[in-house]
Amino acid sequence: MMSTIPLAAYLILTAIMFFAGVYGFLSRRNMLTILMSLELMLNAADINFVVFNKYLYPGQLDGAFFALFAIGVSAAETAIAIAIIINIYRNIKNIYVDEVSKMKY
Amino acid sequence: MAEQIIFYVLAIVIVVFSILSVTSRRILRAATYLLFVLLATAGLYLLMGYQFLFGVQISVYAGGIMVLYIFSILLTSHAGDNAKKVSWKKLLPAGFAAVAGFALCGHIIFHNVYKVVEAVATEPTMKEIGTAMMGTGKNQYLLPFEAISILLLACIIGGIMIARKR
Amino acid sequence: MMSYTLIIVVLPLLMFLFLGLLGSKMKPVVAGIIGTIGMSAVTLLSWFTAATYFFSVGKVGETFQAIVPINFEWLRFTDKLHIDLGILLDPISVMMLVVITTVSLMVHIYSFGYMKGERGFQRYYALLSLFSFSMLGLVVATNIFQMYIFWELVGVSSYSLIGFYYTKPSAVAASKKAFIVTRFADLFFLIGILLLSFYSGTFSFDALTAPTGSILGKTITDTFMGWSVISWAMMLIFIGGAGKSAMLPFHIWLPDAMEGPTPVSALIHAATMVVAGVFLVARMFPVYYFGAPEVLTIISYIGAATALFAAIVACTQTDIKRVLAFSTISQIAYMITALGVSGYGGHEGLGYMASMFHLFTHAFFKALLFLGAGAVIHAVHSNEMDSMGGLRKYLPITHITFLIACLSISGIPPFSGFFSKDEILVAAFDQNKFVFASLYISAGLTAFYMFRLYYRIFWGNSNKVYKHTPHESPVSMSIPLIFLATLTLVVGMIPFSEFISSDKTVFHTHIEWSIASMSILVGVVGIVLATVMYRKENSLPDKIATTFKVLYTSAYHKFYFDEVWMFVTQKVIFNGISKPIAWFDRHVVDGFMNLQSTATNYVSRKIKFVQSGEIQDYAWAFIMGTVVIISLLIFI
Numbered sequence: 003m004m005s006t007i008p009l010a011a012y013l014i015l016t017a018i019m020f021f022a023g024v025y026g027f028l029s030r031r032n033m034l035t036i037l038m039s040l041e042l043m044l045n046a047a048d049i050n051f052v053v054f055n056k057y058l059y060p061g062q063l064d065g066a067f068f069a070l071f072a073i074g075v076s077a078a079e080t081a082i083a084i085a086i087i088i089n090i091y092r093n094i095k096n097i098y099v100d101e102v103s104k105m106k107y
Numbered sequence: 009m010a011e012q013i014i015f016y017v018l019a020i021v022i023v024v025f026s027i028l029s030v031t032s033r034r035i036l037r038a039a040t041y042l043l044f045v046l047l048a049t050a051g052l053y054l055l056m057g058y059q060f061l062f063g064v065q066i067s068v069y070a071g072g073i074m075v076l077y078i079f080s081i082l083l084t085s086h087a088g089d090n091a092k093k094v095s096w097k098k099l100l101p102a103g104f105a106a107v108a109g110f111a112l113c114g115h116i117i118f119h120n121v122y123k124v125v126e127a128v129a130t131e132p133t134m135k136e137i138g139t140a141m142m143g144t145g146k147n148q149y150l151l152p153f154e155a156i157s158i159l160l161l162a163c164i165i166g167g168i169m170i171a172r173k174r
Numbered sequence: 008m009m010s011y012t013l014i015i016v017v018l019p020l021l022m023f024l025f026l027g028l029l030g031s032k033m034k035p036v037v038a039g040i041i042g043t044i045g046m047s048a049v050t051l052l053s054w055f056t057a058a059t060y061f062f063s064v065g066k067v068g069e070t071f072q073a074i075v076p077i078n079f080e081w082l083r084f085t086d087k088l089h090i091d092l093g094i095l096l097d098p099i100s101v102m103m104l105v106v107i108t109t110v111s112l113m114v115h116i117y118s119f120g121y122m123k124g125e126r127g128f129q130r131y132y133a134l135l136s137l138f139s140f141s142m143l144g145l146v147v148a149t150n151i152f153q154m155y156i157f158w159e160l161v162g163v164s165s166y167s168l169i170g171f172y173y174t175k176p177s178a179v180a181a182s183k184k185a186f187i188v189t190r191f192a193d194l195f196f197l198i199g200i201l202l203l204s205f206y207s208g209t210f211s212f213d214a215l216t217a218p219t220g221s222i223l224g225k226t227i228t229d230t231f232m233g234w235s236v237i238s239w240a241m242m243l244i245f246i247g248g249a250g251k252s253a254m255l256p257f258h259i260w261l262p263d264a265m266e267g268p269t270p271v272s273a274l275i276h277a278a279t280m281v282v283a284g285v286f287l288v289a290r291m292f293p294v295y296y297f298g299a300p301e302v303l304t305i306i307s308y309i310g311a312a313t314a315l316f317a318a319i320v321a322c323t324q325t326d327i328k329r330v331l332a333f334s335t336i337s338q339i340a341y342m343i344t345a346l347g348v349s350g351y352g353g354h355e356g357l358g359y360m361a362s363m364f365h366l367f368t369h370a371f372f373k374a375l376l377f378l379g380a381g382a383v384i385h386a387v388h389s390n391e392m393d394s395m396g397g398l399r400k401y402l403p404i405t406h407i408t409f410l411i412a413c414l415s416i417s418g419i420p421p422f423s424g425f426f427s428k429d430e431i432l433v434a435a436f437d438q439n440k441f442v443f444a445s446l447y448i449s450a451g452l453t454a455f456y457m458f459r460l461y462y463r464i465f466w467g468n469s470n471k472v473y474k475h476t477p478h479e480s481p482v483s484m485s486i487p488l489i490f491l492a493t494l495t496l497v498v499g500m501i502p503f504s505e506f507i508s509s510d511k512t513v514f515h516t517h518i519e520w521s522i523a524s525m526s527i528l529v530g531v532v533g534i535v536l537a538t539v540m541y542r543k544e545n546s547l548p549d550k551i552a553t554t555f556k557v558l559y560t561s562a563y564h565k566f567y568f569d570e571v572w573m574f575v576t577q578k579v580i581f582n583g584i585s586k587p588i589a590w591f592d593r594h595v596v597d598g599f600m601n602l603q604s605t606a607t608n609y610v611s612r613k614i615k616f617v618q619s620g621e622i623q624d625y626a627w628a629f630i631m632g633t634v635v636i637i638s639l640l641i642f643i
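Chains as they are written, first to last, in the working numbering: chain A, 3 to 107; chain B, 9 to 174; chain C, 8 to 643.
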């Protein structure tokens, strides 16, 4: 069956999702919301992989597997990041990024 | 026809909720919006015919990671708290970066992606995925599989070490 | 042949190294004995060399040949230009070997008694050996650059020896003054050497002075401001010699150099180092005569003026060593003038022969005068004439030898000074009447001030009461005095022209009694005048001093040359040249460096806010950077 949705539509969609994530990363105060924006970015990239796999390399599975492993890695990384944030919370009792800016001039 | 409608519904859901997620000042609401985005993404995978990926996305992302986020939000802040209003001095560069990047990507897309690609709808079966995952030949992913299992092990141990109570 | 002459030059160097490095480990007397033994060996060897050279191997026909026992290349600049080190045996260098080693040996023996008990006795003997080495190397140099190297070495030894009592500020200042003034003159010397070697393509004396050699054999037509470049080169070389030999206006260092120990003054500043300039002109004489005759004229005028000037100043000085210093300046000026008025070849070269003869005799009687003055100073512990008088009762040996030396320098026959001075006057009379007049008047003044000195020390206030009775010097000091006095009596008889002449060909001279009687006359007049004024204490000198008050005061202050030089160096050079350059160095050169560091500091302070520590700032930079680079790649 032929697909009627143009490739460009998927790409524009993921672009919007990705740059929304960028905006969120750069403008949020709470570390957890920053992490959530990071998840947005990762998901956008995963969709891209799958889309390219479907439209440009239909017979192979490389893109899907890449997205699979990316999901796995992202899960692991999120776990560790949250562990660190919990540690920070224990030390300074809040999790705002402007409080942890000691490595500066 | 049906495909297009589903696609546009999912697309709108993704766009709206992702923007809401990054601009909402209440953290739990942001987390919820993110959950919706993830679910819609899973829907997209299903639309494209990758059922296995759909399942993985739901179970890992929406089911595991989001729960983790909710836990940590509740652990580290009083849930009803509103975040302070961020000054526009900080928002401006962020917005600028986002818009600039989007413009660049849009430019690239419109100049290079010029055809409606006719895709052959081959939905990969579980059997194919299984053999590909566990195979050692070309295009087969046993080694990354083992590697990611080690990564997960390291992650578990690391997480415990970092976050244990002293 | 004659390669044993290498020992003459090298042995003093070994003595210096030995005594310098190990001197503090041995008792002073031992160091002195070792130094003296070394020097005696060298002296005997040089007498032997002189005997061999002058009487057997040197002479071929009627001309003396230059023998070069050793000459090896040391430093090569280009194919033709290289610095050699070697030994050149030639009538004047062999004569100088004899002079230097004899006087040095006398000083070595004398210093046993004079420097007894002084701190640094071993260092003193080491430095004496160093000086001997340098001076010997200078006179046997085969090429002009080797001579320059040893020239500078002599300057260093002189500096070390003048500043021997380094805890005395005046001695330190005097040694610095000597070194700086001579070094300044040596700058011109070096420029002259470079000019000369550029045009001739060689440093070697052989090639430079040979009649068909590089300078005289070809016609060099480059000129600079009206004079040929060869004249400029020779003039500059003469200026270098003038610095070392204390000619006007570079004479200022020699009176101050009397701060050194008296034996040092005897060796360096009377007999040997100060004649280095005369020796240099004599060495290069063919080039002077054929290539730059106008420079010779200038040399004779400078010499004549210096002789007269120094003689006038010496009449007023009260420190006995200063009187002798000015006397030295005057006598060296005689030698230089004699070279200046000399011709070339046989009897024409009388001035050359006379100059070398006077160098020979002057070395002995001037050393005798200084050593005698040292004995006097040793006895009364003071340099000033006012604290002396009537010493003939207490110091008989010193008295007699001093008198012999004074008679010699005043030109009374049959002492040696008469013969050499007479030849100079004859040469000047034939050439230039002004120069002759100046030398003639200086001769009279010389006799006057020398006998003024003699009477003030040994006669004068005959009943002077001394706090400590002056005693005669020990044997080690008297023996050199007696030896040198004997030489002074005898060497006048040597028929010098049989050995030294301008073109190395022997000729015969005889005493010209017309000039000779004039010179004896003026000497006697000077002696009589001094006797009248100083033999017994009277008020005549003071009355004359007040009558000619202005002349007397300016002569007493050495005609203010020191003040003029001080003005030139301080106001002109320091303020005009050094201060701006120092300012430039401190503010522009250093300032540039400081500016770089200040600028770096400033820039870093301005941009350090980039490291804000905020994660989102870093992420923003990351993202924007990526966007910019990709845009650049796509659009350009």
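A virtual CB, placed ideally from N, CA and C, is assigned to each residue, including glycine.
Exposure of residue i, with buried meaning 16 or more beta-carbon neighbours within 10 Å
i, result
"Glu391 (chain C)", "exposed"
"Ser585 (chain C)", "exposed"
"Arg290 (chain C)", "buried"
"Leu21 (chain C)", "exposed"
"Lys647 (chain C)", "This structure cannot speak to residue 647 (chain C), because chain C is shown only from 8 to 643."
"Asn439 (chain C)", "buried"
"Thr109 (chain C)", "buried"
"Gln623 (chain C)", "buried"
"Pro270 (chain C)", "buried"
"Thr56 (chain C)", "buried"
"Trp520 (chain C)", "exposed"
Rounded separation between residue i and residue j - CA only
i, j, result
"Ser526 (chain C)", "Leu452 (chain C)", "12 angstroms"
"Thr344 (chain C)", "Gly284 (chain C)", "12 angstroms"
"Ala412 (chain C)", "Leu376 (chain C)", "6 angstroms"
"Ile404 (chain C)", "Ala380 (chain C)", "12 angstroms"
"Gly23 (chain A)", "Ala39 (chain B)", "13 angstroms"
"Ile14 (chain B)", "Arg612 (chain C)", "57 angstroms"
"Leu315 (chain C)", "Phe286 (chain C)", "21 angstroms"
"Phe79 (chain C)", "Pro293 (chain C)", "25 angstroms"
"Ala386 (chain C)", "His478 (chain C)", "6 angstroms"
"Met360 (chain C)", "Lys511 (chain C)", "10 angstroms"
"Val617 (chain C)", "Arg92 (chain A)", "29 angstroms"
"Ala130 (chain B)", "Ala10 (chain A)", "Position check: residue 130 (chain B) holds Thr in this sequence, whereas Ala was assumed. Thr130 (chain B) and Ala10 (chain A): Cα-Cα distance of roughly 20 angstroms."
Close Cβ partners of residue i (< 7 angstroms) along its chain, the five nearest in sequence each way excluded
i, result
"Tyr567 (chain C)", "Ser561"
"Leu18 (chain C)", "Gly45, Ala48 and Val49"
"Ile339 (chain C)", "Ser252, Ala253, Val281, Val282 and Val285"
"Tyr173 (chain C)", "Val179"
"Pro35 (chain C)", "Phe128 and Gln129"
Neighbourhood of residue i by C-beta, 6 angstroms cutoff - its chain only, sequence neighbours within 5 removed
i, result
"Gly267 (chain C)", "Leu168, Ile169 and Phe171"
"Ala523 (chain C)", "Asp429"
Pair within 8 angstroms by beta-carbon distance, residue i and residue j
i, j, result
"Val634 (chain C)", "Leu112 (chain B)", "yes"
"Phe426 (chain C)", "Gly533 (chain C)", "no"
"Ser164 (chain C)", "Phe138 (chain C)", "yes"
"Met242 (chain C)", "Val302 (chain C)", "yes"
"Leu28 (chain A)", "Trp590 (chain C)", "no"
Own chain, CB closer than 8 angstroms to residue i, minus 5 neighbours either side, in chain order
i, result
"Leu197 (chain C)", "Tyr155 and Gly247"
"Ala70 (chain B)", "Leu43, Leu46, Leu47 and Ala50"
"Ile81 (chain B)", "Ile35, Leu36, Ala39 and Ala87"
8 angstroms contact criterion, which residue i and residue j should meet: CB distance rounded
i, j, result
"Pro487 (chain C)", "Ile116 (chain C)", "5 angstroms"
"Ile97 (chain A)", "Ile86 (chain A)", "The Cβ separation is near 10 angstroms, so there is no contact."
"Ile641 (chain C)", "Ala105 (chain B)", "Not quite, the Cβ-Cβ distance comes to about 18 angstroms (not below 8 angstroms), so this is no contact."
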